[in-house]
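Just so we're aligned, residue 1 is where the sequence shown starts under full-length UniProt numbering, counting upward by one.
Single-structure report; data block below.
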Amino acid sequence: MSNSPPPPIFDDITSTIGNTPIVRINSISILAPSFELSNIELLAKLEYLNPLSGSIKDRVAKRILEDVEKENKVKAGTTLLIPTSGNLGVSIAMLAHKKGYKTIVLVPERTTIDRIHVLKALGTEIIRTQSEVHHDAPESNFSLAKKLSGEITNSIVVDELNSQSNFNVHFEETAEEIYTQVEGKLDVLVVGVESGATITGLAKNLKSRISGLKVIAVEPQHSRIQDNIPINPSSIKERKVEDIGNDFTPPLLDKSLIDHWIKVNDQESFSMSRKLIKNGLLAGPSSGTVVSAALSYVKHRSTVHEDSTRILCVLNDTARNYGTTLLSDEWLLENDLMDGEMVRKLKYQKIEKYRAASVEDLQLPAAVTISPNATISQAIELMLDREYSQLPVIDSHKKLIGYVSLTSLQSHLEVGGATLKEPISKWMFSFGGNKSGNSKRKRYQLITPDTPLSELAKFFEKHSFAVVTDSERKWCLGVATKYDLINFLNHRNSSAFS
């Protein structure tokens with residue numbers, strides 16, 4: 001149990017922005033099993049714990065809005081035009097809504113749908129732009145924002161790439177937090193680069209106070225922040241990592257403060273992020289990029305082997321912003337973003353774990369079914385007697401038409417919506433057909449004795465049980481649950497070692 005006092009009651013959510021914790025990553029050998037790291041202290045500043053967008057951009061959004069308000073650049077009804085990779089748009093939209101500002105967020109096509117949903121929920125106007133275009137190109141989100149500002153009265157562009165507020169918040173606040181937390185003892189600082197403001201603000205403050213501090217700048221493989229070399233648009237390669245990287249050197253970036261640059265490919269970034277998640281750090285792909293770069297630096301720099309080296313990684317944002325990408329095995333596999341270890345584990349889960357077994361191998365007992373004309377009383381009595389949670393409902397032709405749930409029926413009785421003598425047809429979950437009474441429609445997915453157990457396991461990710469039928473759904477053959485699947489695996493594994 002923590003001995004520190006709980007935080008006070010805050011008057012506003014913005015008061016909880018910042019003061020993010022720094023934690024030790026004690027599982028370095030798991031993250032990088034191929035080399036010795038016994039003399040490395042790897043730390044992570046958890047910027048993904050900021051409350052609005054789950055990212056370091058909450059700090060920037062708060063400071064930018066405070067500054068434009070002080071300068072009287074906004075008033076009630078002002079439209080904020082926000083060209084962003086995603087997180088800054090969410091942060092500003094959440095702050096702007098209660099202040100009476102309108103928001104138009106301009107994001108590249110690669111921005112995850114997860115954050116688009118959040119922006120829609122906030123009532124924000126969303127404009128998608130091409131992903132891999134130069135910052136100054138007419139079709140970029142920044143160019144389009146500037147064009148719109150000339151057409152929309154009472155509007156301003158929130159340009160983090162040129163905002164001194166962006167630099168100031170990290171120089172004055174984030175750096176001060178870090179210095180206090182590490183007690184002035186730090187050897188290496190590793191930061192992902194997008195606008196350049198974060199790494200410049202941190203480096204300028206901390207290098208003036210910590211002797212010998214090395215600052216490592218990190219960008220995705222196909223980003224061009226460091227070299228800033230124009231290339232043929234047809235040669236531009238799409239990068240999957242969001243929220244760090246750019247196609248030019250941002251004006252806020254001071255390269256003289258950076259000791260080393262490291263580029264990380266997408267596969268390394270996403271794979272490392274998934275490893276961080278398994279070790280308790282729910283960090284997004286850009287955080288995987290930063291940690292991967294830190295370990296690469298350790299591996300290739302002989303100077304870090306002299307004494308114990310303290311390295312701090314800034315973890316930019318949360319994995320929750322990437323439910324349809326980072327957290328999706330299918331998406332990672334489709335985009336070739338799994339490393340060899342992840343592919344082997346996925347192959348085991350999908351194929352080797354079940355060894356081509358099918359639902360028939362579960363040896364399920366014959367299905368206990370009920371007629372739609374049976375009463376609620378009869379259904380509940382049967383489920384309690386057999387210790388079932390649900391029963392398949394079949395019509396007079398023995399065809400599966402739905403199911404009843406013990407919990408659902410009991411809930412309807414408790415609130416007075418149903419009586420014991422009513423037929424279950426009024427309260428059942430129906431598979432297609434006509435909806436009657438208070439019955440609810442459910443989409444039916446065919447599960448037969450020939451269905452591979454790997455597919456059944458996938459089915460159980462969203463459902464609590466499966467009704468097994470023949471291929472034409474004429475006969476109800478059994479009911480399977482995740483318990484049956486686990487029991488099958490346990491029995492097979494114990495037989496293998498007996």
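Virtual Cβ for every residue (Gly too), placed ideally from N, Cα, C.
Note that the coordinates shown come from a computational prediction; the quantities given were computed from them, not determined experimentally.
**Study point:** Proximal residues to L46 (C-beta, below 6 Å), its chain only, five neighbours per side dropped
**Key:** Translated into the one-based positions of the sequence shown, residue 46 becomes position 46. These residues qualify, in order along the chain: T20, P21, L315.
Point to revise | I64: first and last residue of the uninterrupted beta strand (DSSP E) it sits in | key: Here the question's residue 64 lines up with position 64 in the sequence shown. Here I64 belongs to no beta strand (DSSP E); instead the alpha helix (DSSP H) covers 57-70.
Review point. Would a C-beta distance cut-off of 9 Å place L49 and I13 closer than the cut-off?
Key: The residue you call residue 49 lines up with position 49 of the sequence shown. The residue you call residue 13 lines up with position 13 of the sequence shown. No, Cβ-Cβ distance for L49 and I13 is not below 9 Å.
Point to revise | Secondary structure of W427, DSSP reduced to three states | key: What you label residue 427 is simply residue 427 of the sequence shown in a count that begins at 1. Looking at W427 - three-state DSSP - the assignment turns out to be coil, as it is neither helix nor strand.
Review point. Sorted by chain position, which residues of the same chain lie with C-beta nearer than 8 Å to H305's C-beta, five sequence neighbours on each side aside?
Key: Residue 305 sits at position 305 when you count from the first residue of the sequence shown. Confidence in H305 is poor, its pLDDT being 47 and thus under 50, which makes the residue's placement unreliable; the coordinate value appears in the next sentence. The answer, listed in chain order, is N39.
Review point. Going by alpha carbons, who is nearest to D58 out of S273, L333, T16?
Key: Here the question's residue 58 lines up with position 58 in the sequence shown. For D58, the nearest C-alpha among the options comes from T16.
Exercise for review: Evaluate contact between the segment 142-151 and the segment 176-187, counting only Cβ atoms and requiring at least three cross-stretch pairs below 8 Å.
Suggested key: no
Practice item. Just the C-alpha distance for V68 and V157, rounded to the nearest angstrom, thanks. Key: Counting from 1 along the sequence shown, the entry for residue 68 is found at position 68. Counting from 1 along the sequence shown, the entry for residue 157 is found at position 157. Distance between the alpha carbons of V68 and V157: 11 Å.
Review point. Would DSSP call P7 helix, strand or coil?
Key: Counted from its first residue, the sequence shown places residue 7 at position 7. DSSP places P7 in coil when its eight states are reduced to three.
Practice item. Take I424 as the anchor and find which of R386, E381, D450 has the nearest alpha-carbon. Key: Counting from one through the sequence shown, the residue named residue 424 turns up at place 424. Minimum Cα distance to I424 is reached at E381.
Check your understanding: What's the C-alpha gap between T448 and P365?
Key -> For this step, residue 448 is matched to residue 448 along the sequence shown. For this step, residue 365 is matched to residue 365 along the sequence shown. Taking the straight line from one Cα to the other gives about 14 Å.
Check your understanding: In three-state DSSP terms, what is G284?
Key -> By one-based count along the sequence shown, residue 284 stands at place 284. Here G284 sits in coil by DSSP.
Exercise for review: Please name the residue, chosen from Q226, I394, S269, that lies closest to P250 on a Cα-to-Cα basis.
Suggested key: Along the sequence shown, read from residue 1 onward, the residue named residue 250 stands at position 250. When only C-alpha atoms are compared, the closest one is Q226.
Review point. Within 10 angstroms of its Cβ, does P6 collect 16 or more other Cβ (buried), or is it exposed?
Key: Here residue 6 is taken as the residue at index 6 of the sequence shown, counted from 1. Exposed, by the Cβ-count rule.
Practice item. Compute the Euclidean distance between the alpha carbons of residue 552 and E66, then round it to the nearest angstrom. Key: Here the chain covers residues 1 to 498 and nothing more, so residue 552 does not appear.
Review point. If you draw a straight line from the C-alpha of S155 to the C-alpha of V74, how long is it?
Key: Position 155 of the sequence shown, counted from the first residue, corresponds to residue 155. Position 74 of the sequence shown, counted from the first residue, corresponds to residue 74. Spanning the two alpha carbons is a distance of roughly 8 Å.
Practice item. Could you tell me the boundaries of the beta strand (DSSP E) in which E242 lies? Key: For the purposes of this step, residue 242 is taken as residue 242 along the sequence shown, with counting starting at 1. Neither: E242 is in no beta strand (DSSP E) and is coded neither H nor E.
Exercise for review: Output the boundary residues of the alpha helix (DSSP H) element that contains Y354.
Suggested key: Position 354 of the sequence shown, counted from the start, is the residue given in the question as residue 354. Segment: none, Y354 is in no alpha helix (DSSP H) and carries neither H nor E.
Review point. Can you tell me whether V479 is buried or exposed, with buried defined as 16 or more other CB within 10 angstroms of its CB?
Key: As a first step, residue 479 is located in the sequence shown; it is residue number 479 there, counting from the start. The residue in question, V479, is buried, as its Cβ has 16 or more Cβ neighbours within 10 Å.
Practice item. Report the option in G280, Y297, N279, R274 whose CA atom is closest to the CA atom of S286. Key: Counting from one through the sequence shown, the residue named residue 286 turns up at place 286. Of the listed residues, the one whose Cα sits closest to S286 is R274.
Practice item. Run the CB neighbour count on K102, radius 10 Å, all protein chains shown included, and call it buried at 16 or more, exposed below. Key: The sequence position of residue 102 within the sequence shown is 102, counting from 1. So K102 ends up on the buried side.
Exercise for review: Measure the CB-CB distance between V190 and A96 and report whether it falls below 9 Å.
Suggested key: Position 190 of the sequence shown holds residue 190. Position 96 of the sequence shown holds residue 96. Taking 9 Å as the Cβ cut-off, V190 and A96 do not qualify as a contacting pair.
Check your understanding: Would you say residue 511 and F488 are within 9 Å of each other, going by their C-beta atoms?
Key -> This structure leaves residue 511 out entirely; the chain is present only between 1 and 498.
Practice item. Answer yes or no: does any C-beta atom of chain B fall closer than 9 Å to that of N373? Key: Note that chain B does not occur in the displayed structure, where there is just one protein chain.
**Study point:** Completely contained beta strand (DSSP E) runs for the segment 86-157, where each covers 3 or more residues
**Key:** 102-108, 125-129, 155-157
Practice item. Pull up the distance between the alpha-carbon of M1 and that of G196, whole angstroms please. Key: As a working note, residue 1 is residue 1 in the sequence shown. As a working note, residue 196 is residue 196 in the sequence shown. Residue placement at M1 cannot be trusted, given a pLDDT of 47 that sits under 50; what the coordinates show is reported in the next sentence. M1 and G196: Cα-Cα distance of roughly 39 Å.
Review point. For N166 versus I92, is the C-beta distance shorter than 9 Å?
Key: For the purposes of this step, residue 166 is identified with residue 166 of the sequence shown, where counting begins at 1. For the purposes of this step, residue 92 is identified with residue 92 of the sequence shown, where counting begins at 1. Not closer than 9 Å, so no.
Check your understanding: Straight-line CA distance for L281 to G86?
Key -> Counting from one through the sequence shown, the residue named residue 281 turns up at place 281. Counting from one through the sequence shown, the residue named residue 86 turns up at place 86. Each residue's alpha carbon lies about 21 Å from the other.
Check your understanding: Starting from V169 and walking both ways along the alpha helix (DSSP H), at which residues does that stretch end?
Key -> One-based indexing of the sequence shown puts residue 169 at position 169. Per DSSP, V169 belongs to the alpha helix (DSSP H) from 164-169.
Exercise for review: List the whole-angstrom C-beta distance separating V193 from N141, where the pair is believed to meet the contact cut-off of C-beta under 8 Å.
Suggested key: In the sequence shown, residue 193 corresponds to position 193, counting from 1. In the sequence shown, residue 141 corresponds to position 141, counting from 1. So it is not a contact: roughly 18 Å between Cβ atoms.
Review point. Whose CA, out of L213, N228, L413, lies closest to the CA of E219?
Key: Start at 1 with the first residue of the sequence shown, and residue 219 comes out as number 219. For the residues L213, N228, L413, the minimum Cα distance to E219 belongs to N228.
Check your understanding: Nearest CA to the CA of L253: which residue from S131, R355, N168?
Key -> Residue numbering aside, residue 253 sits at position 253 when the sequence shown is read from its first letter. The shortest Cα separation from L253 among S131, R355, N168 belongs to N168.
Check your understanding: What do you get for D450, buried or exposed, if any count of 16 or more other CB atoms within 10 angstroms of its CB means buried?
Key -> Position 450 of the sequence shown, counted from the first residue, corresponds to residue 450. Burial call: exposed.
Exercise for review: For Q390, write down the residues that DSSP places opposite it in a beta bridge.
Suggested key: Against the sequence shown, residue 390 aligns to sequence position 390. Bridge partners of Q390: S405.
Exercise for review: Quickly, what does DSSP pair E219 with across the bridge? List them, please.
Suggested key: Position 219 of the sequence shown holds residue 219. According to DSSP, which records beta bridges pairwise, E219 is partnered with K263.
Review point. How many whole angstroms separate the CB atoms of A243 and D317, which I take to be in contact at a CB cut-off of 8 Å?
Key: What you label residue 243 is simply residue 243 of the sequence shown in a count that begins at 1. What you label residue 317 is simply residue 317 of the sequence shown in a count that begins at 1. Correcting the residue type first, residue 243 is Asp in the shown sequence and not Ala. Confirmed, Cβ separation roughly 6 Å.
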